[in-house]
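>
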Amino acid sequence: MTQPIKIFKFGGASIKDAQAIRNVAEILQNHREEALLIVVSAMGKTTNGLEKIVQAHAQRNGQAYEHLEVVKNHHFAVMRELFPAEHDIFAQINDTFVEIEWSLEEDPHDNYDFMYDQIVSVGELASTKIVAAFLNSLDLKTHWLDARDVIRTDNLYREGWVLWDDTLSRAQQYALAPLEAGSFVLTQGFIGSTSENFTTTLGREGSDYSAAIFSYCLDAESMTIWKDVPGVLTADPRLFENVTKLDRITYKEAIEMTYYGAKVIHPKTIKPLQNKSIPLYVKSFIDPKGSGTYISTEVEDNYPPMIAVEQNQATLHISTRDFSFVAEHHLSELFQLMAEYRLQVNMMQNTAISFVVCVNDIDDRVARFSQRIQERFKVRIDRNLELITVRHYQEEMLANLRRRKIVLLEERLPKTVQLVLKNIPMMIRKEG
Ligand code: ADP
Ligand code: ASP
Ligand code: MG
Numbered sequence: 016m017t018q019p020i021k022i023f024k025f026g027g028a029s030i031k032d033a034q035a036i037r038n039v040a041e042i043l044q045n046h047r048e049e050a051l052l053i054v055v056s057a058m059g060k061t062t063n064g065l066e067k068i069v070q071a072h073a074q075r076n077g078q079a080y081e082h083l084e085v086v087k088n089h090h091f092a093v094m095r096e097l098f099p100a101e102h103d104i105f106a107q108i109n110d111t112f113v114e115i116e117w118s119l120e121e122d123p124h125d126n127y128d129f130m131y132d133q134i135v136s137v138g139e140l141a142s143t144k145i146v147a148a149f150l151n152s153l154d155l156k157t158h159w160l161d162a163r164d165v166i167r168t169d170n171l172y173r174e175g176w177v178l179w180d181d182t183l184s185r186a187q188q189y190a191l192a193p194l195e196a197g198s199f200v201l202t203q204g205f206i207g208s209t210s211e212n213f214t215t216t217l218g219r220e221g222s223d224y225s226a227a228i229f230s231y232c233l234d235a236e237s238m239t240i241w242k243d244v245p246g247v248l249t250a251d252p253r254l255f256e257n258v259t260k261l262d263r264i265t266y267k268e269a270i271e272m273t274y275y276g277a278k279v280i281h282p283k284t285i286k287p288l289q290n291k292s293i294p295l296y297v298k299s300f301i302d303p304k305g306s307g308t309y310i311s312t313e314v315e316d317n318y319p320p321m322i323a324v325e326q327n328q329a330t331l332h333i334s335t336r337d338f339s340f341v342a343e344h345h346l347s348e349l350f351q352l353m354a355e356y357r358l359q360v361n362m363m364q365n366t367a368i369s370f371v372v373c374v375n376d377i378d379d380r381v382a383r384f385s386q387r388i389q390e391r392f393k394v395r396i397d398r399n400l401e402l403i404t405v406r407h408y409q410e411e412m413l414a415n416l417r418r419r420k421i422v423l424l425e426e427r428l429p430k431t432v433q434l435v436l437k438n439i440p441m442m443i444r445k446e447g
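All letters in the sequence shown, in the order written, are residues 16 to 447 by my numbering.
1) For the ligand ASP, I want to know if Ala57 counts as a neighbour, meaning its beta carbon is within less than 7 Å of at least one of the ligand's heavy atoms.
2) Could you tell me whether the region 229-246 touches the region 287-296, where touching means 3 or more Cβ pairs closer than 8 Å?
3) Taking just the CA atoms, how far does Gln34 sit from Ile53?
4) Short of 8 Å in beta carbon distance, which residues of its chain neighbour Val55, apart from the five on each side in sequence? Order them along the chain.
5) Examine the Cβ distances between the region 334-350 and the region 398-414 and report whether three or more of them are shorter than 8 Å.
6) Run through DSSP, which three-state label would Val244 get?
7) Residues in its own chain within less than 8 Å of Val135 by CB, not counting five upstream and five downstream?
8) Mind checking Gln433: buried by the 16 CB within 10 Å criterion, or exposed?
9) Given the structure, does Val146 come close to the ligand ADP, in the sense that its CB is under 7 Å from one of the ligand's heavy atoms?
10) Please classify Phe392 as buried or exposed, where buried requires at least 16 other C-beta atoms within 10 Å of its C-beta.
11) By a C-beta neighbour count over all protein chains shown, 10 Å radius and 16 as the cutoff for buried, is Asp132 buried or exposed?
12) Cβ atoms of Phe300 and Ile42: under 8 Å apart, would you say?
13) Under 7 Å: does the beta carbon of Glu81 sit that close to some heavy atom of the ligand ASP?
14) Nearest by alpha-carbon distance to Asn375: which of Asn365, Asn399, Glu355, Ile108 is it?
15) Identify every residue that forms a DSSP beta bridge with Phe23.
16) Starting from the C-beta of Ala269, find all residues in its chain whose C-beta is less than 6 Å away, skip the five residues before and the five after it, and write them out in chain order.
17) Counting Cβ pairs closer than 8 Å, one from the region 108-115 and one from the region 87-98, do we hit at least three?
18) Just checking my contact of Lys267 with Gly246 at CB under 8 Å: how many whole Å lie between their CB atoms?
19) By the DSSP assignment, the alpha helix (DSSP H) with Phe112 in it spans what residues?
20) Measuring only from the beta carbon, is Gly26 closer than 7 Å to any heavy atom that is part of the ligand GTP?
21) Determine contact between the region 358-369 and the region 421-430, defined as no fewer than three beta-carbon pairs at a distance below 8 Å.
22) Considering only C-alpha positions, which residue in the set Arg219, Asp379, Pro320, Asn38 is nearest to Glu411?
23) Going by CA-CA distance only, name the one from Ala196, Leu194, Glu195, Gly207 that's closest to Thr182.
24) Using a Cβ-Cβ cutoff of less than 8 Å, which residues in the same chain neighbour Val314 once the five nearest sequence positions on both sides are dropped?
25) Would you say the beta carbon of Leu424 comes nearer than 7 Å to a heavy atom of the ligand ADP?
26) Taking all protein chains shown into account, do 16 or more other C-beta atoms lie within 10 angstroms of the C-beta of Pro99, making it buried, or fewer, making it exposed?
27) Is Gln74 buried or exposed, if buried means 16 or more other CB atoms sit within 10 Å of its CB?
28) Can you give the Cα-Cα distance for Asp450 and Ala329, rounded to whole angstroms?
29) Within 7 Å: the Cβ of Gly3 and any heavy atom of the ligand ASP?
30) Answer yes or no: does any C-beta atom of chain B fall closer than 8 Å to that of Lys21?
31) Straight-line CA distance for Arg357 to Ser184?
32) Please report the Cβ distance between Leu155 and Arg47, rounded to the nearest whole angstrom; I am assuming they are in contact, meaning their Cβ atoms lie under 8 Å.
33) Would you give the residue range spanned by the alpha helix (DSSP H) that Arg37 belongs to?
34) Could you check what DSSP says for Arg380 in three-state terms: helix, strand or coil?
35) Are Thr168 and Leu178 close, meaning C-beta to C-beta below 8 Å?
36) Are the beta-carbon atoms belonging to Ala354 and Tyr275 less than 8 Å from one another?
Take a look at the structure:
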């Protein structure tokens, strides 16, 4: 490649309707001379809608087709605003959704996660076809690339692990020629495929990670993710007032915050970029001229306090049935099983008679894990908890966060405090 390659990623919010897609095209107009690979997620809340189809089909509750209609109708309404009636995108998108209809005609697959990936991936396939066709209609030459030809994963459905060597050579094989020829390359986030060509997904919100995979494999000069916020903020603006934008942060800081729940970037995104020192910009699609946040290796050690909140947490208090110490061989057995049940451990504490872990409470994993260890261990589970991670904390801020909450676990490191909190049940004073 003669020109440096840049990677852009547009998430669901940036393409949620026709107006939003026009805005994306406008941003891209300003980069028409660049070698751009663009990663796009499903439109708006499409993935949630597709998940409903999968659940309905698995439960055979007869509502799968209704949920499919809702998703399809939205896509067709958007297309009617963007394209003339005779455009062949209508037939293309119809064919894309037919894949789901075929799945629904069959019995639900025994492997729920497999079925999930085959159906849910359609969101990204549809959105990218629409956006690519729209860019081409504006004379922004765009090559649609099927990410499943590039991103190879193992067959852990719903959480595919990337097979890097294969993915790297495929990225170069499929993306370089169209970039060299002066087209944009536009592809899907979130999806990949196994060596048997079955579709896999990389985990919810995984499109940022897809963009990082392409950045790594194509030795990109930079990656930019376009969001509905001005950049990385000191906390989620949906949860906190008075947040401020961070102009520059290190990869390390970004990893710490995203791993513990700062939803602005998918946690797996940073590592591939850091490994090749590819800078990441987080910018606003609402204010594309704004400076955004610049994430790199450059050292910046004067950070304001930052807060990440991870909801849907559960703690498991595990002790041996005979009240002997929880010894190393117990821990080894427990960790083995936590890996098997894919429990993500966010915090842990080991005392003489119990071992406590705080994990993400996703689907029925906690229940299945505790069922499995019941015979050998006693388990007490606390649910509906919140994990708050504060970097560069100040004491008064911590006091504020603890207000009206019970602190179940607390851990302090020099720059980080983590609190697992439970709401104090509200007691309402009786009248009279
Ligand atoms: P996408 O459209 O790419 O899927 P998301 O909605 O997943 O984007 O992520 C953007 C959202 O992340 C923001 O609207 C904001 O509410 C939330 N968010 C959480 N923590 C932060 C943070 N520290 N800085 C900025 N945004 C944050
Ligand atoms: N569409 C997928 C999701 O909603 C992936 C992504 O948006 O990053 O989880
Ligand atoms: Mg998202």
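In this text, a Cβ means the ideal position worked out from N, Cα and C, and glycines have one as well.
Everything numeric in this text was worked out from a predicted model, so none of it was measured.
Looking at the atomic coordinates:
1) Walking along the sequence shown from the start, residue 57 turns up at place 42. Ala57 Cβ: within cutoff of the ligand ASP.
2) Using a Cβ-Cβ distance cut-off of 8 Å, the region 229-246 and the region 287-296 are in contact, since at least three pairs of beta carbons, one from each stretch, lie closer than that value.
3) Residue 53 sits at position 38 when you count from the first residue of the sequence shown. Residue 34 sits at position 19 when you count from the first residue of the sequence shown. Answer to the nearest angstrom: the Cα atoms are 19 Å apart.
4) Taking the sequence shown and counting its residues from 1, one reaches residue 55 at position 40. Excluding residues within five positions, the ones whose Cβ falls inside 8 Å are Lys24, Phe25, Ile30, Glu139, Ser142, Thr143, Val146, Leu201, Thr202, Gln203, Gly204, Ser222.
5) no
6) For the purposes of this step, residue 244 is identified with residue 229 of the sequence shown, where counting begins at 1. Reduced to three states, the DSSP call for Val244 is coil.
7) Counting from 1 along the sequence shown, the entry for residue 135 is found at position 120. These residues qualify, in order along the chain: Thr62, Leu65, Glu66, Val69, Thr216.
8) Stepping through the sequence shown from its first residue, residue 433 is reached at position 418. Burial call: buried.
9) As a position in the sequence shown, residue 146 is number 131, starting the count at 1. False, no ligand heavy atom lies under 7 Å from that Cβ.
10) Indexing the sequence shown from 1 puts residue 392 at position 377. Phe392 is buried by the Cβ-count criterion.
11) For the purposes of this step, residue 132 is identified with residue 117 of the sequence shown, where counting begins at 1. Buried is the call here.
12) Translated into the one-based positions of the sequence shown, residue 42 becomes position 27. Translated into the one-based positions of the sequence shown, residue 300 becomes position 285. Yes, they are a contact pair.
13) As a working note, residue 81 is residue 66 in the sequence shown. Outside the cutoff, so no.
14) Along the sequence shown, read from residue 1 onward, the residue named residue 375 stands at position 360. Measuring from the Cα of Asn375, the nearest candidate turns out to be Asn399.
15) Along the sequence shown, read from residue 1 onward, the residue named residue 23 stands at position 8. DSSP, once it has assigned bridges, lists Ile53, Thr239 as partnering Phe23.
16) Your numbering for residue 269 matches position 254 in the sequence shown. Hits under 6 Å: Ile285, Ile310.
17) yes
18) As a position in the sequence shown, residue 267 is number 252, starting the count at 1. As a position in the sequence shown, residue 246 is number 231, starting the count at 1. With 8 Å as the limit, Lys267 and Gly246 do not qualify as a contact, their Cβ atoms being about 17 Å apart.
19) The residue given as residue 112 occupies position 97 in the sequence shown. First-last of the alpha helix (DSSP H) with Phe112: 104-120.
20) The ligand GTP is not part of this structure, which contains only the ligand ADP, the ligand ASP and the ligand MG.
21) yes
22) By one-based count along the sequence shown, residue 411 stands at place 396. When only C-alpha atoms are compared, the closest one is Pro320.
23) Locating residue 182 in the sequence shown gives position 167, counting from the first residue. Out of Ala196, Leu194, Glu195, Gly207, Gly207 has the C-alpha closest to the C-alpha of Thr182.
24) Here the question's residue 314 lines up with position 299 in the sequence shown. Here the set comprises Thr265.
25) To locate residue 424, count along the sequence shown from 1; it is residue 409. Answer for Leu424: no, Cβ out of range of the ligand ADP.
26) Within the sequence shown, residue 99 is the residue found at index 84, counting from 1. Label assigned to Pro99: exposed.
27) Indexing the sequence shown from 1 puts residue 74 at position 59. Flag for Gln74 reads exposed.
28) Not covered by the structure: residue 450. The range shown for the chain is 16 to 447.
29) There is simply no residue 3 to check, as the chain begins at 16 and stops at 447 in what is shown.
30) No chain B is part of this structure, which consists of one protein chain only.
31) What you label residue 357 is simply residue 342 of the sequence shown in a count that begins at 1. What you label residue 184 is simply residue 169 of the sequence shown in a count that begins at 1. Each residue's alpha carbon lies about 29 Å from the other.
32) The residue given as residue 155 occupies position 140 in the sequence shown. The residue given as residue 47 occupies position 32 in the sequence shown. Yes, Leu155 and Arg47 are in contact; Cβ-Cβ is about 6 Å, under 8 Å.
33) Counting from one through the sequence shown, the residue named residue 37 turns up at place 22. Where Arg37 is concerned, the enclosing alpha helix (DSSP H) stretches over 33-44.
34) Residue numbering aside, residue 380 sits at position 365 when the sequence shown is read from its first letter. Reduced to three states, the DSSP call for Arg380 is helix.
35) Position 153 of the sequence shown, counted from the start, is the residue given in the question as residue 168. Position 163 of the sequence shown, counted from the start, is the residue given in the question as residue 178. Yes; because the gap between Cβ atoms is below 8 Å, this pair is in contact.
36) Here residue 354 corresponds to residue number 339 of the sequence shown, with the count starting at 1. Here residue 275 corresponds to residue number 260 of the sequence shown, with the count starting at 1. Not a contact, by the Cβ cut-off of 8 Å.
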